[in-house]
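Undergrad:
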Amino acid sequence: MDTALQQPRRLENVDYDAFGEEVFALRDEIHAKLGKEDLAHLWRMIWLNRMFTFIGYATAWIPNPISIYCLSQGVFGRWLITHHVSHGGYDAVPNVPERFKSKVFGRGHRRWRDWFDWIIPEAWHHEHNILHHCHTSEVKDPDLVEDLSEFLRSSGLPKPLKYVIIFLAGITWKFSYYAPNTLRTMDHNGVEPTTSLWRAVWCNGLDLRVSRVRRLWLSCYFPYATVTFILIPLAFLPFGKWVVLSVLINRVLAEFLTNFHSFLVIAPNHAGEDLYRFDYRYKGRGEFAVNQVISSCNYHCGSPIGDYLQIWLNYQIEHHIFPRLPMIRYRECQPVVKEICERHGVPYVQEPVWKRFWRMVQIMVGDTSMQWLCEAEIQQMVPPAVATCPSASEDAGTHGKAA
Numbered sequence: 070m071d072t073a074l075q076q077p078r079r080l081e082n083v084d085y086d087a088f089g090e091e092v093f094a095l096r097d098e099i100h101a102k103l104g105k106e107d108l109a110h111l112w113r114m115i116w117l118n119r120m121f122t123f124i125g126y127a128t129a130w131i132p133n134p135i136s137i138y139c140l141s142q143g144v145f146g147r148w149l150i151t152h153h154v155s156h157g158g159y160d161a162v163p164n165v166p167e168r169f170k171s172k173v174f175g176r177g178h179r180r181w182r183d184w185f186d187w188i189i190p191e192a193w194h195h196e197h198n199i200l201h202h203c204h205t206s207e208v209k210d211p212d213l214v215e216d217l218s219e220f221l222r223s224s225g226l227p228k229p230l231k232y233v234i235i236f237l238a239g240i241t242w243k244f245s246y247y248a249p250n251t252l253r254t255m256d257h258n259g260v261e262p263t264t265s266l267w268r269a270v271w272c273n274g275l276d277l278r279v280s281r282v283r284r285l286w287l288s289c290y291f292p293y294a295t296v297t298f299i300l301i302p303l304a305f306l307p308f309g310k311w312v313v314l315s316v317l318i319n320r321v322l323a324e325f326l327t328n329f330h331s332f333l334v335i336a337p338n339h340a341g342e343d344l345y346r347f348d349y350r351y352k353g354r355g356e357f358a359v360n361q362v363i364s365s366c367n368y369h370c371g372s373p374i375g376d377y378l379q380i381w382l383n384y385q386i387e388h389h390i391f392p393r394l395p396m397i398r399y400r401e402c403q404p405v406v407k408e409i410c411e412r413h414g415v416p417y418v419q420e421p422v423w424k425r426f427w428r429m430v431q432i433m434v435g436d437t438s439m440q441w442l443c444e445a446e447i448q449q450m451v452p453p454a455v456a457t458c459p460s461a462s463e464d465a466g467t468h469g470k471a472a
């Protein structure tokens, strides 16, 4: 049986302060170089997304894999833009248009133009940029895979059925997980281990007595489904009813594909038996930097095509240390950050996305568990499906500044 090892809160033989000073000096160096090439790259990504979307609809007159893939990639590409812009990655770029600043992009009526999806941008900002990034792999992290899949880990279901559940979650997760979870975290910070799938579905998505659930249906589900699966297909009515049906089929299948594509790339970033989770709040930027590195993993880096298809989340370690950088700068700083980590003895995990996905699946089904760094200085072996830290609290420690 695999085990989870609880360790004291700091790695041995690592100078946290020296590490923090070095990586944040690198951040300042890169910030000083921001310029027109960052904005030009952003525009290239925007037009690439538009090209995929155009090809997807232009070929949608019959159900076909080209249309399905292109529509899927166009949707995922818009999440790419949203992710980096909403973090403030372009706020410091000289002469950047207001529309690409984090306080403007996707806010209010601009949601309909910048990022019209299942998810409300303001809710995404709170759940992802604030809670997840400021509490990565802590007990207040709303995206902690190990806790979110506790119902699956502790169940007695046959392993093949667990895999089927994970697949179904993957092809639906934007509307079955992200949309309700982002709204929930605006009411309740943090996350509790999900011990009952039905309870989670009922409380977060079906119980219309709850105002948050009513907002989910009125502001997320109804608008997106109406525009995407009714109005857009009907716009092709002049070409005939068969074309309308074909557009609908292609778009529905593209929705499942873009969900799974994003699940494949996003979900494994902080899951695996070789990554850490914490029962305490980091203290100071040195501890912040180390904790971000050892709770995150990279995929293969350096390829323009690979970077785009993985929406630059293959640079997850660098992104979590420096969330406010333009996406193209992660390719520049990645080898430097890796070298700094190796020199300071900070574990730097990097593997192909498919291997990281399998490690996440092993966490979700209960075969393996995350490693703990705990406030309490104890070491204890615990079964993987019930791995907890005895000193866990919702917000242990003193808040430190990340930058």
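Residue numbers (the working numbering): 70 to 472.
Note that beta-carbon positions come from the ideal geometry of N, C-alpha and C, so glycine has one too.
#1: Kindly provide the ranges of any alpha helix (DSSP H) runs that are 4 or more residues long and lie completely inside the stretch 178 to 207, ordered along the chain.
#2: What does the alpha-carbon distance come out to for the pair residue 241 and residue 116?
#3: Helix, strand or coil: which one does DSSP assign to residue 442?
#4: From residue 207 to residue 408, what does the alpha carbon distance come to, in whole angstroms?
#5: Inspect the CB distances between the stretch 201 to 217 and the stretch 358 to 367 and report whether three or more fall short of 8 Å.
#6: Please list the terminal residues of the continuous alpha helix (DSSP H) segment that includes residue 345.
#7: Tell me the DSSP secondary structure of residue 367 in three-state form.
#8: Please check the pair residue 252 and residue 283, which I expect to be a contact at CB under 8 Å, by giving their CB distance rounded to whole angstroms.
#9: Following the continuous alpha helix (DSSP H) through residue 402, name the residue where it begins and the one where it ends.
#10: My output table needs one value for residue 134: the three-state DSSP class, helix, strand or coil.
#11: Under three-state DSSP, which class holds residue 166?
#12: How do the stretch 123 to 137 and the stretch 89 to 109 stand: do at least 3 beta-carbon pairs fall below 8 Å, yes or no?
#13: Applying the criterion that 16 or more other CB atoms from any shown protein chain within 10 Å of the CB defines a buried residue, is residue 371 buried or exposed?
#14: Is it right to say residue 437 is buried, meaning 16 or more other beta carbons lie within 10 angstroms of its own, or is it exposed?
#15: State the Cα-Cα distance for the pair residue 214 and residue 307, rounded to the nearest angstrom.
#16: First and last residue of the alpha helix (DSSP H) that includes residue 98?
#17: Is residue 452 helix, strand or coil when you go by DSSP?
#18: Straight-line CA distance for residue 164 to residue 442?
#19: Around the Cβ of residue 172, are there at least 16 other Cβ atoms within 10 angstroms (buried) or fewer (exposed)?
#20: Compute the Euclidean distance between the alpha carbons of residue 404 and residue 386, then round it to the nearest angstrom.
#21: Just list the residues that DSSP pairs residue 431 with in beta bridges.
#22: Would you kindly work out how many angstroms separate the C-alpha atoms of residue 216 and residue 201, rounded to a whole number?
#23: Using CA coordinates, which residue listed in 138, 147, 235 is at the minimum distance from residue 435?
#24: Between which two residues does the alpha helix (DSSP H) carrying residue 324 extend?
#25: Please determine, among 389, 155, 400, 118, the residue with the shortest C-alpha to C-alpha distance to residue 190.
#26: Starting from residue 379 and walking both ways along the alpha helix (DSSP H), at which residues does that stretch end?
#27: Quick check on the DSSP output: the alpha helix (DSSP H) that includes residue 252 runs from which residue to which?
#28: Using only alpha-carbon positions, find the residue among 299, 326, 334, 325 that is nearest to residue 314.
TA: According to the structure data:
#1: If we require 4 residues or more, the alpha helix (DSSP H) runs fully inside the stretch 178 to 207 come out as 180 to 183, 190 to 193.
#2: Taking the CA atoms as reference points, residue 241 sits about 27 Å from residue 116.
#3: strand
#4: 26 Å
#5: yes
#6: No alpha helix (DSSP H) holds residue 345; the beta strand (DSSP E) holding it covers 345 to 347.
#7: strand
#8: Here residue 252 is actually not in contact with residue 283; their C-beta atoms are around 10 Å apart, not less than 8 Å.
#9: 396 to 413
#10: helix
#11: coil
#12: no
#13: exposed
#14: By the neighbour-count rule (16 or more Cβ atoms within 10 Å), residue 437 is buried.
#15: 46 Å
#16: 85 to 100
#17: For residue 452, the predicted structure reports a pLDDT of 35, less than 50, and the residue's modelled location is therefore unreliable. The matter cannot be settled from this model.
#18: 43 Å
#19: Taking a 10 Å sphere around the C-beta of residue 172, we find fewer than 16 other C-beta atoms and assign the residue as exposed.
#20: 11 Å
#21: Beta-bridge pairing links residue 431 to no other residue.
#22: 14 Å
#23: 235
#24: 310 to 335
#25: Cα-wise, what sits closest to residue 190 is 155.
#26: No alpha helix (DSSP H) contains residue 379, which DSSP labels as neither H nor E.
#27: 248 to 256
#28: 299
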